[in-house]
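Letter by letter, the sequence shown follows residues 1 to 484 of UniProt numbering. Idealized CB from N, CA, C, for every residue including glycine. Below is one structure; the comments refer to it alone.
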Amino acid sequence: MSHQQRNLSVGLCGGGLGGLTAAIALARAGARVTVLEAAEELGEIGAGIQMTPNVARFLLRWGVSDIIGPDLVQCDRINMRDKDGQLVAFSDLTRIVRDYGYPWWVVHRHHLHSGLAESCRRHGVQLVIDARVEKIEYDDNADADTKQVKVTTVKGKQYTFDLLVGSDGLKSVVRKKLFPNVKPAALTKNAAYRAVIPYSQVFAKIPEARGVLGNAIDVWQAPGSYFISYPMSAGRDFNMVLSHHTRDGHVVKDVEEADMDELRCSYEHYDPVVQKIVALIPQSKRWPLMVTGPLESWSNKSKNVVLMGDAAHSMVNHMAQGAATSMEDGAFLGKVIADVVRGILTLSEAIDIYEKTRMPRAWTKQQASFTAGQLYMAAPPDLEVRDASSRVEREAAFSNVTSPPHPPPTYRSWDLWGFPDSIPGVYAYDAEADADNAICEYLGKTGEVDPDTRVSRRLKEKWWNWGDTNREDVLTKQVAKARL
């Protein structure tokens, strides 16, 4: 069966981790992709980030992990401790990697962003810096498959796209255009300090830390706060996230310069090792934990402007799923747009499938992330009940130091982040597979069904037009054109 291939142009407003992931996925789908980044240099600020199995799969599948190399660190375990350093829960990351099929990496945001940017270039994506979007024009009374979106930057440069994706984060210009009344909110007085120092400095100043720190994600937790650390940069750097409730009770709504005396006071009741590590931090910033939504829609009426990532569903950081969920959005978009390029779906159908599938999933993860934070920072009596319930994990950790046995299948941990069996749909999730399944379900329910074969005509067309796609070799042409 023959289908007309569509020459689809896609613009992304924002070149962060989610935007670059989407750009790669969309380019792999055969679209012509342009990323408009407001900053004068392409890069990522911040410290470490976790690439859990649900997104590590894309770094492997698309070759990004080969670009980043040893700066992707695979830890052996997660140690959950109380504030005094006593182990209260434990996760064997080697088992999680085996069971879920993909790594659980920790990496510096800069290394991850650089790897994604290089992959974009190799896929023929046009990366435009110093391109802050000022104006977005579209006709909501027109068909998305016939009308384009016009974008104008503050410097007067104009672009037209068949689809505009708002990947521009918390302060999204695209969201403001679509839904001007939506404002991200800090739901509690919880905020986070971040810091990075060399391991060489930690061990030189605190020799006893060698007996505590290793190739692990280590967490100390207390009522109202926790301290998490892990290695990154091929094991050279020590990354820290210090989640806390503000001492003066104010709500953090934007990035603040940290008062270092206040930072140290927030952890003065912790394990002496943690106190000494905190004393080594020369300076830091305090980051807000903002939540966006849930929104009723992520797109305009015509379905040719759509949101993704923090622009649509920012969440607190307690499940390490903020950037991961953005990257899932990008991978999912790539799959549905691939069938637009192939002539199987209309653009409005593709965006409708994206919204109906991804919106409830993102909302569930927002709720899980908030709940996880409540559990980590629980106060008595919930704290004692929580710790007592994980006795099975502790016994497993201490019964065999080389191959800790897995808890019984009926066991459910309170640690929603570190014990993925509690929410298996988070880390076992494959956004590309989910997208293809959603497309198949949609096509199977639309159009005629052959009474003899019981196969939907549109679904058969999806599975039979591989010949057209292979003859076109859209991606090869796209990359070649970008290199001219």
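TODO: With a 10 Å radius around its C-beta and 16 neighbouring C-beta atoms as the bar for buried, classify Pro-360 as buried or exposed.
DONE: Translated into positions along the sequence shown, residue 360 becomes position 360. Looking at its Cβ environment, which holds fewer than 16 other Cβ atoms inside 10 Å, Pro-360 is exposed.
TODO: Would you tell me roughly how many angstroms separate the C-alpha atoms of Pro-405 and Asp-92, rounded to the nearest one?
DONE: Along the sequence shown, read from residue 1 onward, the residue named residue 405 stands at position 405. Along the sequence shown, read from residue 1 onward, the residue named residue 92 stands at position 92. Looking at the two C-alpha atoms, the distance is approximately 9 Å.
Open item on the list: I want to know whether the region 324-331 touches the region 305-315 - three or more CB-CB distances under 8 Å.
Closed with: yes
Open item on the list: Strictly by DSSP, which residues pair up with Ser-9?
Closed with: Here residue 9 refers to the residue found at position 9 when the sequence shown is read from its first residue. Arg-32, per the DSSP bridge assignment.
- [ ] Ignore the nearest five residues each way along the sequence and tell me which others in His-111's own chain have a CB closer than 6 Å to its CB.
- [x] For this step, residue 111 is matched to residue 111 along the sequence shown. Once the five neighbours on either side are set aside, the close Cβ partners of His-111 are Ile-68, Asp-71.
Task: Backbone CA spacing between Met-1 and Ile-439 [nearest angstrom] - done: Residue numbering aside, residue 1 sits at position 1 when the sequence shown is read from its first letter. Residue numbering aside, residue 439 sits at position 439 when the sequence shown is read from its first letter. Because the pLDDT at Met-1 is just 45, under 50, the model does not fix this residue reliably, and the value given afterwards should be weighed accordingly. When rounded, the distance between both Cα atoms is 19 Å.
Open item on the list: Going by C-alpha to C-alpha distance, which of Met-319, Pro-408, Glu-296 sits closest to Arg-358?
Closed with: In the sequence shown, residue 358 corresponds to position 358, counting from 1. When only C-alpha atoms are compared, the closest one is Glu-296.
- [ ] Give the range of the alpha helix (DSSP H) segment to which Val-340 is assigned.
- [x] Along the sequence shown, one-based indexing puts residue 340 at 340. Taken as a continuous stretch (DSSP letters only), the alpha helix (DSSP H) holding Val-340 covers 322-341.
Open item on the list: Spatial neighbours of Glu-40 within its chain, please: C-beta separation below 8 Å, excluding the five flanking residues on both sides.
Closed with: In the sequence shown, residue 40 corresponds to position 40, counting from 1. Closer than 8 Å at the Cβ level, and outside the excluded window around Glu-40, lie Ile-129, Asp-130.
- [ ] Look up Asn-437 in the DSSP assignment and say whether it is helix, strand or coil.
- [x] Counting from 1 along the sequence shown, the entry for residue 437 is found at position 437. Residue state, collapsed to three classes: helix.
TODO: For my contact list, Ile-228 and Val-212 are in at a C-beta cut-off of 8 Å; report their separation, rounded to the angstrom.
DONE: In the sequence shown, counting from the first residue as 1, residue 228 sits at position 228. In the sequence shown, counting from the first residue as 1, residue 212 sits at position 212. Contact doesn't hold; Cβ gap of about 14 Å is too wide.
Open item on the list: Output needed for Ala-222: all residues of its chain with C-beta closer than 8 Å, excluding positions within five of it in sequence on either side, in chain order.
Closed with: Numbered from its first residue, the sequence shown carries residue 222 at position 222. Within the same chain, Ala-222 has close Cβ partners Asp-82, Lys-83, His-269, Tyr-270, Met-377.
Task: Residue closest to His-123, alpha-carbon to alpha-carbon, out of Gly-15, Arg-28, Arg-77, Ile-281 - done: In the sequence shown, the residue the question calls residue 123 occupies position 123. Taking only the C-alpha atoms, the option nearest His-123 is Arg-28.
Task: Paired residues, beta bridge with Arg-81 - DSSP - done: As a position in the sequence shown, residue 81 is number 81, starting the count at 1. Leu-87, Trp-220, per the DSSP bridge assignment.
Open item on the list: Going by DSSP, what residue range makes up the beta strand (DSSP E) through Ile-281?
Closed with: For the purposes of this step, residue 281 is identified with residue 281 of the sequence shown, where counting begins at 1. It is not in any beta strand (DSSP E) - Ile-281 carries neither H nor E in the DSSP assignment.
Task: CB of Ala-216 within 8 Å of CB of Asn-400, strictly - done: Position 216 of the sequence shown, counted from the first residue, corresponds to residue 216. Position 400 of the sequence shown, counted from the first residue, corresponds to residue 400. Going by C-beta atoms, Ala-216 is not nearer than 8 Å to Asn-400.
- [ ] Provide the residue(s) that pair with Arg-194 in DSSP beta bridges, ordered along the chain.
- [x] Here residue 194 refers to the residue found at position 194 of the sequence shown. Bridge partners of Arg-194: Val-241, Lys-285.
Task: Proximity winner among Lys-135, Asn-437, Lys-301, relative to residue 514 (alpha-carbon distances) - done: Residue 514 falls outside the range modelled here, since the chain spans only 1 to 484, and no answer is possible.
- [ ] Ignore the nearest five residues each way along the sequence and tell me which others in Trp-298's own chain have a CB closer than 7 Å to its CB.
- [x] Counting from one through the sequence shown, the residue named residue 298 turns up at place 298. Within the same chain, Trp-298 has close Cβ partners Val-306, Leu-307, Ala-312, Glu-355, Met-359.
Open item on the list: So for His-111, helix, strand or coil by DSSP?
Closed with: For the purposes of this step, residue 111 is taken as residue 111 along the sequence shown, with counting starting at 1. Of the three classes helix, strand and coil, the one that applies to His-111 here is helix, per DSSP.
Task: Assigned exposure category for Phe-58 - 16 Cβ within 10 Å defines buried - done: Against the sequence shown, residue 58 aligns to sequence position 58. Counting Cβ neighbours within 10 Å, Phe-58 comes out buried, since at least 16 surround it.
TODO: Compare the C-beta of Val-97 against all C-beta atoms of chain B and say whether one is closer than 8 Å.
DONE: Within the model displayed, chain B is absent; a lone protein chain is all it includes.
Open item on the list: According to DSSP, is Met-290 part of a helix, a strand, or is it coil?
Closed with: In the sequence shown, counting from the first residue as 1, residue 290 sits at position 290. Of the three classes helix, strand and coil, the one that applies to Met-290 here is strand, per DSSP.
Open item on the list: With three or more C-beta pairs closer than 8 Å as the rule, is the region 446-463 touching the region 413-432?
Closed with: no
Open item on the list: I'd like to know if the region 3-15 and the region 154-168 are in contact, where contact means that at least 3 CB-CB pairs between them fall below 8 Å.
Closed with: yes
- [ ] Have a look at Leu-127, Arg-412, Gln-86, Asn-190 and flag the residue whose alpha-carbon is nearest the alpha-carbon of Val-273.
- [x] The sequence position of residue 273 within the sequence shown is 273, counting from 1. With distances taken between Cα atoms, Val-273 lies closest to Gln-86.
Open item on the list: Out of Ala-25, Gly-16, Ser-413, which one is the CA nearest neighbour of Gly-46?
Closed with: For the purposes of this step, residue 46 is taken as the residue at position 46 of the sequence shown. Per the Cα distances, Gly-16.
- [ ] Select from Gln-366, Asp-415, Leu-20, Ala-368 the residue whose C-alpha is nearest the C-alpha of Val-385.
- [x] Here the question's residue 385 lines up with position 385 in the sequence shown. For the residues Gln-366, Asp-415, Leu-20, Ala-368, the minimum Cα distance to Val-385 belongs to Asp-415.
Task: Check whether Pro-184 and Thr-292 have beta carbons under 8 Å apart - done: Within the sequence shown, numbered from 1, the residue matching residue 184 stands at position 184. Within the sequence shown, numbered from 1, the residue matching residue 292 stands at position 292. Yes, they are a contact pair.
Task: Proximity of Ser-243 and Ala-192 at Cβ, strictly below 8 Å - done: For this step, residue 243 is matched to residue 243 along the sequence shown. For this step, residue 192 is matched to residue 192 along the sequence shown. Contact flag set, yes.
Task: DSSP three-state assignment for Leu-93, whether helix, strand or coil - done: What you label residue 93 is simply residue 93 of the sequence shown in a count that begins at 1. Helix at Leu-93.
Task: According to DSSP, residues forming a beta bridge with Lys-135 - done: As a working note, residue 135 is residue 135 in the sequence shown. Looking at the DSSP assignment, Lys-135 forms a beta bridge with Thr-152.
TODO: Check whether the Cβ atoms of Leu-20 and Ile-337 sit closer than 8 Å, and answer yes or no.
DONE: Taking the first residue of the sequence shown as 1, we reach residue 20 at position 20. Taking the first residue of the sequence shown as 1, we reach residue 337 at position 337. No, Cβ-Cβ distance for Leu-20 and Ile-337 is not below 8 Å.
TODO: Give a yes or no on whether the C-beta atoms belonging to Met-290 and Leu-170 are separated by under 8 Å.
DONE: What you label residue 290 is simply residue 290 of the sequence shown in a count that begins at 1. What you label residue 170 is simply residue 170 of the sequence shown in a count that begins at 1. Going by C-beta atoms, Met-290 is nearer than 8 Å to Leu-170.
Open item on the list: Are the CB atoms of Asp-168 and Ser-348 within a distance shorter than 8 Å?
Closed with: Within the sequence shown, the letter at position 348 stands for residue 348. Within the sequence shown, the letter at position 168 stands for residue 168. Going by C-beta atoms, Ser-348 is not nearer than 8 Å to Asp-168.
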